[in-house]
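Asker:
There are 2 protein chains.
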Amino acid sequence: MSITTATIRNGVDTAQVYGTLDALKEQPELARFEFRVKNRWLEGPHSRSEIHGFWGAGGEDTSRDEAFVVEASEPPVLFGHNEAPNPAEYLLHALAGCMTLTIVNVAAARKVELHEVSCTLTGVLDARGATGLDDSYRNGFEHIRVAYSIRGDAPAEKLREIVERAKSRSVVFDMVTNGVPVDVEADVG
Amino acid sequence: MSITTATIRNGVDTAQVYGTLDALKEQPELARFEFRVKNRWLEGPHSRSEIHGFWGAGGEDTSRDEAFVVEASEPPVLFGHNEAPNPAEYLLHALAGCMTLTIVNVAAARKVELHEVSCTLTGVLDARGATGLDDSYRNGFEHIRVAYSIRGDAPAEKLREIVERAKSRSVVFDMVTNGVPVDVEADVG
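Chains A and B supply the protein sequences, listed in that same order.
Per my numbering, the first sequence starts with residue 1, numbered consecutively.
Per my numbering, the second sequence starts with residue 1001, numbered consecutively.
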């Protein structure tokens, strides 16, 4: 029991993390992950996604008994009824969740105990882009600002290094800052 | 009543949409939107976001009485307890929700009645990137595949054109394919 407890820091089981890294070194084929989302339109801007299985660590994951169900819509000013957050807000949530868990993982690996990790994200866009009124504006956010507040048992400089390392290792930070090729097929009828 | 009904197609009030476009042409300052997400770490990879107000259409929106609360975590194989979808899955959800609502809006503007819009998104990554084991792999998805199934009262060619138009107008498709500059500040202590 004392051994188990000693390997858990910030809620991260560092023994499990290092064991996984060793396994990936020996069997690189375990490193392939395929995540999936199924989405269905409901009405107007309102849609619903089911998020269930994925491929990873050499097989189809079976740890989730049921699918997660999440919706997306728009507020009235963007022609919806506030049934759920809008897609751009979900992109900010994805970025926040990923940067935060990467900060926590990096801190655990560096033996830093964290007391608080919170952040506010702000994304700004000009709707003349997405509406097609003025092509000098892009459709999406012109920029995103992320403001973290972090407290932990390490000097400020070490906490800043952890944030910098998380920026260079976060899955979603990479995708949002660098972009990803997206192929779209449509079966129509 | 009959006039109101006539302007609604696919759950989109096209009269409201065209009225909004006219207003944006006359007062471009209404086009600025600022969306925000506040995220707080809970434990391990588990965090919680609150999504409430935003700036848009010339003022602070007040249409949401309460904040939306959404969480993010990881499955056990990625050191969490399946408390919620993971951040990369939320990015796929954001992309799905945005492309779907853009398809629906474009179809409404083109007087096409849709019966079904559903899609499956798949994102593939090699975890040797994000774990730092091999820098020849990126952290995020190498690519994303989106497979739509669309049924509506228009020829297949017109439905395909609607999908192409949605790709060129979707807020999140733009961000995911082209990337967004992200500034990160940290208040540490």
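By construction, the Cβ of each residue, glycine as well, lies at the ideal position given by its N, Cα and C atoms.
In this structure, what does DSSP give as the bridge partners for B/Val-1188?
Answerer: Walking along the second sequence from the start, residue 1188 of chain B turns up at place 188. Partner(s): A/Ile-150.
Asker: Kindly indicate the opening and closing residues of the beta strand (DSSP E) around A/Asp-126.
Answerer: In the first sequence, residue 126 of chain A corresponds to position 126, counting from 1. 114-126 is the span of the beta strand (DSSP E), which, as asked, contains A/Asp-126.
Asker: B/Pro-1181: buried (16+ other C-beta within 10 angstroms of its C-beta) or exposed?
Answerer: Counted from its first residue, the second sequence places residue 1181 of chain B at position 181. Label assigned to B/Pro-1181: exposed.
Asker: In chain order, what residues of the same chain lie with their CB nearer than 7 Å to the CB of B/Ala-1072, ignoring the 5 residues before and after it?
Answerer: Counting from 1 along the second sequence, the entry for residue 1072 of chain B is found at position 72. Excluding positions up to five away in sequence, the list reads Ser-1047, Ala-1084, Pro-1085, Asn-1086, Pro-1087, Tyr-1090.
Asker: Going along the chain, which residues of the segment 6-40 of chain A sit with their C-beta nearer than 9 Å to a C-beta in chain B?
Answerer: Taking 9 Å as the Cβ-Cβ cut-off against chain B, the residues of the segment 6-40 of chain A that qualify are Ile-8, Asn-10, Gly-11, Val-12, Asp-13, Gln-16, Val-17, Thr-20, Leu-21, Leu-24, Lys-25, Pro-28, Leu-30, Ala-31, Arg-32, Phe-33, Glu-34, Phe-35, Arg-36, Val-37, Lys-38, Asn-39, Arg-40.
Asker: Report the residues of the segment 1107-1131 of chain B with a CB closer than 9 Å to any CB of chain A, ordered along the chain.
Answerer: The segment 1107-1131 of chain B vs chain A, Cβ under 9 Å: Ala-1108, Leu-1114, Glu-1116, Val-1117, Ser-1118, Cys-1119, Thr-1120, Leu-1121, Thr-1122, Gly-1123, Val-1124, Leu-1125, Asp-1126, Ala-1127, Arg-1128, Gly-1129, Ala-1130, Thr-1131.
Asker: According to DSSP, is B/Leu-1078 helix, strand or coil?
Answerer: Mapped onto the second sequence, residue 1078 of chain B falls at position 78. DSSP places B/Leu-1078 in helix when its eight states are reduced to three.
Asker: Give the residues of chain A in contact with B/Glu-1043, contact being defined as C-beta atoms less than 7 Å apart.
Answerer: Looking up residue 1043 of chain B in the second sequence gives position 43. What B/Glu-1043 touches in chain A: Gly-11.
Asker: Starting from the C-beta of B/Asp-1153, find all residues in its chain whose C-beta is less than 7 Å away, skip the five residues before and the five after it, and write them out in chain order.
Answerer: Position 153 of the second sequence, counted from the first residue, corresponds to residue 1153 of chain B. Excluding sequence neighbours, B/Asp-1153 sits near Val-1112, Glu-1113.
Asker: Is A/Arg-32 helix, strand or coil when you go by DSSP?
Answerer: Counting from one through the first sequence, the residue named residue 32 of chain A turns up at place 32. A/Arg-32: strand per DSSP, three-state reduction.
Asker: Determine the burial state of B/Ser-1170: buried for a count of at least 16 other Cβ atoms within 10 Å of its Cβ, exposed for fewer.
Answerer: In the second sequence, counting from the first residue as 1, residue 1170 of chain B sits at position 170. It counts as buried.
Asker: Following the continuous alpha helix (DSSP H) through A/Arg-165, name the residue where it begins and the one where it ends.
Answerer: Within the first sequence, residue 165 of chain A is the residue found at index 165, counting from 1. Segment 156-169, the alpha helix (DSSP H) holding A/Arg-165.
Asker: Give the straight-line distance between the Cα atoms of A/Trp-41 and B/Cys-1098, rounded to the nearest whole angstrom.
Answerer: Position 41 of the first sequence holds residue 41 of chain A. Position 98 of the second sequence holds residue 1098 of chain B. Their Cα atoms are separated by approximately 11 Å.
Asker: Rounded to the nearest angstrom, what separates B/Arg-1217 and A/Phe-79 at their Cα positions?
Answerer: The shown model of chain B, from 1001 to 1189, leaves out residue 1217 of chain B, and the question about it has no answer.
Asker: Are the Cβ atoms of B/Glu-1034 and A/Val-77 separated by less than 9 Å?
Answerer: As a working note, residue 1034 of chain B is residue 34 in the second sequence. As a working note, residue 77 of chain A is residue 77 in the first sequence. Result no, Cβ atoms of B/Glu-1034 and A/Val-77 do not sit closer than 9 Å.
Asker: Give the straight-line distance between the Cα atoms of A/Val-184 and B/Leu-1095, rounded to the nearest whole angstrom.
Answerer: Counted from its first residue, the first sequence places residue 184 of chain A at position 184. Counted from its first residue, the second sequence places residue 1095 of chain B at position 95. Going from the Cα of A/Val-184 to the Cα of B/Leu-1095 covers about 11 Å.
Asker: Just curious, the alpha helix (DSSP H) that B/Glu-1026 is in, first and last residue?
Answerer: Residue mapping note: residue 1026 of chain B aligns to position 26 of the second sequence, counting from 1. Counting along the chain, the alpha helix (DSSP H) containing B/Glu-1026 begins and ends at 1014-1026.
Asker: Kindly list, in the order they appear in chain B, the residues whose Cβ is closer than 7 Å to that of A/Asp-174.
Answerer: Indexing the first sequence from 1 puts residue 174 of chain A at position 174. Neighbours of A/Asp-174 on chain B, chain order: Arg-1138, Asn-1139, Gly-1140.
Asker: I'd like to know if A/Glu-60 contacts chain B, where contact means its C-beta is closer than 9 Å to some C-beta of that chain.
Answerer: Within the first sequence, residue 60 of chain A is the residue found at index 60, counting from 1. Chain B, which has no Cβ nearer than 9 Å to the Cβ of A/Glu-60, makes this no.
Asker: Based on the DSSP secondary-structure assignment, which residues constitute the bridge partners of A/Asn-39?
Answerer: Translated into the one-based positions of the first sequence, residue 39 of chain A becomes position 39. In DSSP, A/Asn-39 forms a bridge with A/Ser-49, B/Cys-1119.
Asker: Work out the CA separation of A/Gln-16 and A/Met-1 for me, nearest whole Å.
Answerer: Here residue 1 of chain A refers to the residue found at position 1 when the first sequence is read from its first residue. Here residue 16 of chain A refers to the residue found at position 16 when the first sequence is read from its first residue. Unreliable positioning characterises A/Met-1 in this predicted model, as indicated by a pLDDT of 45, which lies under 50. The coordinate reading is nonetheless provided below. Approximately 15 Å between the Cα atoms of the pair.
Asker: With a CB to CB cut of under 6 Å and the five nearest residues on each side skipped, what residues in its chain are close to A/Asp-134?
Answerer: Looking up residue 134 of chain A in the first sequence gives position 134. Answer for A/Asp-134: Arg-128, listed in chain order.
Asker: So, B/Val-1106 versus B/Ile-1150, is the Cβ gap smaller than 9 Å?
Answerer: By 1-based counting over the second sequence, the position of residue 1106 of chain B is 106. By 1-based counting over the second sequence, the position of residue 1150 of chain B is 150. Not a contact, by the Cβ cut-off of 9 Å.
Asker: Rounded to the nearest angstrom, how far is the Cβ of B/Leu-1121 from that of A/Val-37, given a contact under 8 Å?
Answerer: Residue 1121 of chain B sits at position 121 when you count from the first residue of the second sequence. Residue 37 of chain A sits at position 37 when you count from the first residue of the first sequence. So it is a contact: roughly 5 Å between Cβ atoms.
Asker: Looking only at its own chain, which residues have a Cβ that is under 7 Å from the Cβ of B/Thr-1007, when we skip the five neighbours before and after it?
Answerer: Locating residue 1007 of chain B in the second sequence gives position 7, where the first residue counts as 1. Closer than 7 Å at the Cβ level, and outside the excluded window around B/Thr-1007, lie Asp-1013, Thr-1014, Ala-1015.
Asker: Taking the C-alpha atoms as reference points, what is the distance between B/His-1115 and A/Pro-155?
Answerer: Position 115 of the second sequence, counting from 1, holds the residue named residue 1115 of chain B. Position 155 of the first sequence, counting from 1, holds the residue named residue 155 of chain A. The alpha-carbon atoms of B/His-1115 and A/Pro-155 are separated by roughly 58 Å.
Asker: Could you list which residues in chain A have their beta carbon closer than 8 Å to that of B/Asp-1187, in chain order?
Answerer: The sequence position of residue 1187 of chain B within the second sequence is 187, counting from 1. Within 8 Å Cβ-Cβ: Ala-147, Tyr-148, Ser-149, Ile-150.
Asker: Confirm, please, whether the CB-CB distance from A/Thr-131 to B/Leu-1021 is below 9 Å.
Answerer: Against the second sequence, residue 1021 of chain B aligns to sequence position 21. Against the first sequence, residue 131 of chain A aligns to sequence position 131. Closer than 9 Å, so yes.
Asker: Return the CA-CA distance between B/Phe-1141 and A/Val-176, expressed in angstroms with no decimal places.
Answerer: In the second sequence, the residue the question calls residue 1141 of chain B occupies position 141. In the first sequence, the residue the question calls residue 176 of chain A occupies position 176. Between B/Phe-1141 and A/Val-176, the C-alpha separation is close to 11 Å.
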